[in-house]
Amino acid sequence: METTKTINSPFDEQTLQYFKELLLEKRREAEQQEAQVEENISNLNEADDADQSSIAHHMGDFGSDTEEKQLNYQFLERTRKYINQINDALQRIEDGTYGICKATGNPIAKGRLESVPHTRYSIEAKEQGLDHE
């Protein structure tokens, strides 16, 4: 017995394929950024270990290193959240719900999705402040 998937998306298969490829490319870019930030954090940690064994170090250096590490961790967290949002959008494509505003149930404009392909909200929902969990 074959089951058919309900497609609620306002887009045809060709358009959905376009957005899928766009999202996959954005995910590849984000994963590369994630790897680079992880490498930066690792390098900072290794430098800290070397500095700890040194007798001469300046307090300002510790502050700068700490701030740089904190910024890297924040960027890493944002990048991982973005990757999760992309994965969620890819799942919506598979589910047939991509392009439907989570707040209003109305279609999201194609232009908005081209600018922010992982969005779950239409510009109208965003303007009304409905774009939060």
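With full-length UniProt numbering as the guide, the letters of the sequence shown map in order to residues 1 to 133.
Beta carbons are placed, not taken as given, at the ideal position from N, Cα and C, and that holds for glycine.
| query | result |
| --- | --- |
| Between the stretch 23-31 and the stretch 64-71, are three or more C-beta pairs nearer than 8 angstroms? | no |
| Who are I41's beta bridge partners in DSSP? | According to DSSP, I41 bridges with nothing at all. |
| When the Cα atoms are used, what is the spatial distance from A56 to N45? | Low per-residue confidence applies at A56: pLDDT is 48, beneath 50, and the placement is therefore not dependable enough to give any value. |
| Taking C-alpha atoms, which residue in E38, F19, A125 and K126 lies nearest to R78? | E38 |
| Rounded to whole angstroms, what's the CA-CA distance from M59 to R28? Just pull it up for me. | Residue placement at M59 is poorly supported in this model, since its pLDDT is 49, which falls under 50; the coordinates are not used for a value here. |
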